[in-house]
Every structure is written in structure tokens, then in C-alpha cells.
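Residue numbers (the working numbering), protein chains in the order written: chain X, -19 to 293; chain P, -19 to 293. Glycine included, every Cβ here is placed at the ideal spot set by N, Cα and C. Predicted model, so just to flag it, every value in this text is computed and none were measured.
Number of protein chains: 2
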Amino acid sequence: MDSTELVDRLLRGERRALARLLTRVEDGSVDTLREVVRLLHPHTGNAMIVGLTGSPGVGKSTLTSALVTQWRSQGKRVAVLAVDPSSPFSGGALLGDRVRMQDHALDDGVFIRSMASRGHLGGLSWATPQALLVLDAAGFDIVMVETVGVGQAEVEIASSADTTVVALAPGMGDSIQAAKAGILEIADVFVVNKADRDGAERAVRELREMQKLGHGEWLAPIRKTVASTGDGIAELAEAIGEHYAWLTEEGRLDRRRLDRARVQVRELALGTVRGRFLELGQGDLVDELAAAVAARDTDPYTASDKLVASLDA
Amino acid sequence: MDSTELVDRLLRGERRALARLLTRVEDGSVDTLREVVRLLHPHTGNAMIVGLTGSPGVGKSTLTSALVTQWRSQGKRVAVLAVDPSSPFSGGALLGDRVRMQDHALDDGVFIRSMASRGHLGGLSWATPQALLVLDAAGFDIVMVETVGVGQAEVEIASSADTTVVALAPGMGDSIQAAKAGILEIADVFVVNKADRDGAERAVRELREMQKLGHGEWLAPIRKTVASTGDGIAELAEAIGEHYAWLTEEGRLDRRRLDRARVQVRELALGTVRGRFLELGQGDLVDELAAAVAARDTDPYTASDKLVASLDA
């Protein structure tokens, strides 16, 4: 079936078309991606995109599942994109986590998809923004992107999401590390999960202390949850909704999405250029230049100038 | 003082020239970086570059300090580059860690420098490869790069180092997470630090189990240490040395450094192109394209094609 037909079916609400388009986006060539994005793009921009990130072990899957239940009780249609930072050695490691999501397996208003992150270590898959477009065009009210928060990933999730939730748990040294990893800057909402454990109050206090040192226009609220029992989930969902409401005031969301479009256009363009370099890389020039650098016959900057010059030629 | 003079003094062993060149590399313009790299590059390639990475809390600073002591006892000159993933809110957070390194403050054969990672969240500073060149040219036998292992950072450290040590600690769920974060692929040596705590044997066992699922040409040895007492440090240093010895056999180190030069040349060239896009970004074209994407008048791919076309023009 060609992509035009699949997109038509997606817009008519066919669930199988949704799954097939995601597979196409995930496995397809750049040409396929281009075509799908071109077809979908006019039908997007309606979903609230919520990012959820945090260190391994804070209970992100359980939080996601509990939030889905909460939003479903309000009649919202919810899609979840769980990005697995898999490696060749751990492809199936997160399957267990996903099993919990089976709570929602029979609910038509919920769609859950795991994606591998494909050599983009700890980060979002290169196909994530495109997959978000598919889910947005499919008419979900809320699209969640869940990913392990390791460095680069948070930055990328924050650049894809409207509202970014950073999850922590007591006693993991997370709150103190939060600042180190730079997540303070990207969190729109903090959640201290497993709040029935020792140290929850301390984690909240440490976050508050750090926020005192400086924050932007929006002061990220801090919520406590026990996702496994559902405690605090309604309040967390409310905080997410409040941030989104704030975003839509005074054109903030439009500005944020404009910024995102700027970055996206630039990154895609860079990707094209990178592709050209990789093609060159299979040729002789990069090899030749690298050999000269390794042999100390030239330095890396001079070599890179020659490479750029070859692109312009 | 101009860079030529500073480099001359560096090569004569002047410590102040070393500190000043590092500052110049860290704070300087691209033109300064280019000049310094051009001058230094012919004098590099002699140091063994050891990367040390791991999650927050595994005791990387203590491990580094203990390794320095060990190598000094063998008469080796050692430099340490500690890359701090600082954010505007946590600039000084790691100072405490650094204080421990003061053990070596009066030792002329040791040089320690902290670098901020500068908006390159959790990753290596953009100036790290250049700083490594300075330390290499300064004649240190061993140059260590220590960084918090969060996602992207490990990949970058592995691409800068000859031998990469991945540190874990018992009971942090680290070993299981190791595979998830993809560090198995980049570790040349594993160290389970704080091995006097419960769970050390289990961490070792889990790593071994994971290694059974597959590994490359080199099977990364696993060492246990209690860095605070020095236990196991000699064995860790030996394992690092064995990996380096293996690398130097059959031209492996040369091939690795050639690969690194290839990546470096390509990345620097991409950086130049990125710089051009950023210049463009201040102009009208990117804004115009981003607005059209945000308004759904065009899609991101079509917009990026126009941007690339503007570069070729």
C-alpha cells in the first residue's frame, strides 16, 4: 500500500494504518520519511506532547501507565511512545516494563508503541519526531514520549515536547544529580515518584533549594507520587495541564513551536550535509585526510577545511 | 603572549604555559583553537589517553586520584582532565570532588584541570579534544579524561580515549543499566568500585553474564576496587595497561587513531557547516522557513532542502 493511501486511512481513524505508518517511519528510507512527513504535516499540531524522562529505576513505565489511566478517566485519547535505549546486547531488556502497559491493551483510546533508539545512545531515536507526527495526525489528544533520562536524551525530549516532566525517586541521589545533568533547565514539572519511601521529602526540599538559585519564567511545580498505587497521579496530571494552559497563553506555545521548527529545519539540513560527508567518507578524500592527520602531516582543522571546500566545489 | 611563544614554552616544560594554553583553548575563539591545534598537533600522539566514565556516585574522583597515585609510584607523569557537566545552577557543585585531588597538588608530575562542559549537556566539552592535545604535547605519559557517564558522554569519551574504563558501584542498579545505556560496547575495562559494599559480587556476575551474550575482539576485564583505601587499584592499573599493550599490538592503536582522525575531520567540517547555518539562522531565511513549517504551509523536509540549497548557492 502506498503512503498516500496509508495516510488517508490513518486520518479516517484506522488503527492498523497507524501501526503500519509507524513501522514505515521507523524502518523506512529517508525518501519514505520525507513522503510520510510531507503528507502528515498539514494534519498535525493538535496534540499536547508530553515528555517524561528520568534515570533508570525511578518508575517511568509505571508513571506513564498511571497517567494514561488518569487521562482516560477524563475521556482523553492517549498515545505513548516509549523510546528504548537498546543496545545489541539488551534488545529485549525493557520488555518486562512494557508488559505493565498491557493494562490498556484492550482500550481503543490508548495506543502504546516502543521504539528502539538505534545507535543513538541513550537519546531519542532519529525517527522520534516523525513518529510523533504520525500520532499527532492520528488525532490523539495527548502524546507521551517516555525515555530514559541520560544526558542528551533530556535535551532532545525537551525539544520535542510541549511539556517535559522530569521524574526522580528518593534515595538515588537523583535530585542532587539533577543539576549536574542539567535537567533543571528542561523540567516543566518535577515528579518525585516512590514517595512512600524514605527520603522523598528530602528530594523535594533539595529540588526547591536548587530552584531558588534561579529559574526561568515558569517555576516548575514539584509533585509527589506513588505511581504503583495511583497516589498523587491526579495532582501530577493537573500540574501538567496547568503548564500546558500557561503555554497556550500569550502565544507562548506558538513561539515554542516556532523555535522547534527552526531547530528542526536546521538539523534536517545538517543531516543532509552529514549524509554527503558520509558518502564522501566512503570515498578517498576523508581517508586521505585522516591518514595525513594521523601521520601528523597536517592538523585536523586544515584537513576539515579541505573537506568543506570539496563540498562547495 | 602569542600562541607560538606559548607552545614553545609548553614544549620546554613550562607549567604556566600549560595552564595558559588550556585556558586559551577553553575560552578562545575558533581562530585561536585552530592556531593552537596547528602548532601542537605535530608534537602529539605519545600519551596514553585513558577515559573514565560512570554514573554519578560511583566514586570516579576517588578512583582517578587513586590511579594517579598508582601511576606516580611507577614514575609516570599523569594529567587529568575532569569534565564537569555543569549547568548555570550548579557551576560549583563538583568543587568538593576536586578538593580530594589536592593530594597531588604539590607533585610536579601531576597536572589536574577541571573543564565545564558548556551547554553540551552531560557530554564532553567541545574543547576536550583540543585540551587533550595540549596535555599530550606537554609530555605527560598518561592523560586521563574523567566524565560523568550520561548517555552521549560515554560515546564521546570512547572516541577520544585509547582505553575507556567504565566504573560502576554495587546496589545502584548500574550493572543492569549498563547494557541499557550501551556502555557495554564502549568499555575496555570495567571497575566495580566500593567493592566492600553488599552487592559487589552480584554486579560482577551480572556484567559477566551480559558479556556472555556477546563481545568484540577484546573481552573487557572486570576489576573490583575500594578506591578510598586503594584496594584493587594496582590491579585496575594493570588491566588498563594490558588493554593498552593489546592495542599497540598488530597496529590496532594506529587503526583506532586513524578512525578517530576520520571522525574528527568530518565533525570539524560539519561544525564549519553548522556555523554557516547559525549565521544564516540570524538572518531571514531560517526564520521564514520555520514560520512556514509552524504554519503548516510547508513541511520540515522541504524547508530543509531550501536551506541546503541556499548553502550551495
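DSSP three-state call for G196/P: helix, strand or coil? In the structure shown, G196/P sits in coil (DSSP, three-state: anything other than H, G, I, E or B).
For chain X, is any of its Cβ atoms less than 8 Å away from the one on L238/P? Taking Cβ atoms only, chain X reaches closer than 8 Å to L238/P, which makes this a yes.
Quick one, which residues of the stretch 18 to 41 of chain X are near chain P if we go by CB-CB under 9 Å, in chain order? Along the stretch 18 to 41 of chain X, the positions whose C-beta sits under 9 Å from a C-beta of chain P are R18, L19, L20, H21, P22, H23, T24, G25, S35, P36, G37, read in chain order.
Buried or exposed: which applies to N173/X, given that a residue is buried once 16 or more other Cβ atoms fall within 10 Å of its Cβ? Label assigned to N173/X: buried.
Span separating the alpha-carbon of T252/X from that of G31/X: The straight-line gap from Cα to Cα measures roughly 27 Å.
May I ask you to report which of helix, strand or coil DSSP gives D279/X? Look at D279/X here: in three-state DSSP terms it is coil, with no helix or strand label.
Quick one: Cα of D178/X to Cα of P150/X, how far? For the pair D178/X and P150/X, the Cα-to-Cα distance works out to about 7 Å.
With the cut-off set at 8 Å, would you say V266/X and R246/P are in Cβ contact? Yes, they are a contact pair.
Whole angstroms is fine: what's the gap from G25/X's alpha carbon to A167/P's? So the two alpha carbons sit approximately 42 Å from each other.
Let me confirm a value: A141/P is counted as buried when at least 16 other C-beta atoms fall within 10 Å, else exposed. Which label applies? Buried is the call here.
On the DSSP letters alone, give me the boundaries of the alpha helix (DSSP H) that A274/P sits inside. That run of the alpha helix (DSSP H) goes 264 to 274.
Top-ranked residue by Cα proximity to R14/P, from R57/P, S284/P, T(-16)/P: Comparing Cα-Cα distances from R14/P to each of R57/P, S284/P, T(-16)/P, the minimum goes to T(-16)/P.
When DSSP builds the beta bridges, which residues end up paired with M(-19)/X? For M(-19)/X, which the question treats as bridged, DSSP gives no partner whatsoever.
Where R246/X falls: helix, strand or coil (DSSP): Under the three-state reduction of DSSP output, R246/X falls in the helix class.
In chain order, what residues of the same chain lie with their CB nearer than 8 Å to the CB of H84/X, ignoring the 5 residues before and after it? S45, V48, T49, R52, V90, I92.
Nearest-angstrom Cα distance between D285/P and R254/P? Here the alpha carbon of D285/P sits roughly 15 Å from the alpha carbon of R254/P.
Under the three-state reduction of DSSP, which class applies to D(-12)/X: helix, strand or coil? It is helical.
Do V5/P and Q110/P come within 8 Å of each other at the CB atom, strictly closer than that value? Taking 8 Å as the Cβ cut-off, Q110/P and V5/P qualify as a contacting pair.
Which of helix, strand or coil DSSP assigns to T108/P: Correct three-state label for T108/P: helix.
I want to verify the contact list: residues of chain X whose CB lies under 7 Å from the CB of P327/P, in sequence order. Past the edges of chain P, shown from -19 to 293, lies residue 327/P, and the structure says nothing about it.
Which word fits D7/X, buried or exposed, when buried means at least 16 other C-beta atoms lie within 10 angstroms of its C-beta? Under this definition D7/X is an exposed residue.
Residues of chain P with a CB under 8 Å from the CB of V288/X: which are they? A249, T252, V253, listed in chain order.
Cβ of A167/X less than 8 Å from any chain P Cβ? No, no contact with chain P.
Under a three-way DSSP split, which group does R203/P fall into? The answer is strand: DSSP assigns R203/P an E or B state.
Of all Cβ atoms in chain X, is any one closer than 8 Å to the Cβ of G72/P? Its pLDDT being 35, under 50, G72/P is placed unreliably by the model, and nothing is read from it.
What span of residues does the beta strand (DSSP E) with L148/X cover, start to end? Where L148/X is concerned, the enclosing beta strand (DSSP E) starts and stops at 143 to 148.
Neighbouring residues, chain P, relative to S284/X (Cβ below 9 Å): Those within 9 Å of S284/X in chain P are Q244, V245, R246, E247, L248, A249, L250, G251, T252.
Going by DSSP in three states, F170/P sits in which element: helix, strand or coil? Residue state, collapsed to three classes: strand.
Taking only beta-carbon atoms, is R177/P less than 8 Å away from chain C? Looking for chain C here will not work: the only protein chains present are X and P.
Residue-chain proximity (Y224/P, chain X), Cβ-Cβ < 8 Å: Not one chain X Cβ lies under 8 Å of Y224/P.
Could you tell me whether the Cβ of V63/X comes closer than 8 Å to any Cβ of chain P? With 8 Å as the cut-off, V63/X does not count as an interface residue toward chain P.
L269/X at chain P interface by Cβ criterion, 8 Å: At least one CB atom of chain P sits nearer than 8 Å to the CB of L269/X.
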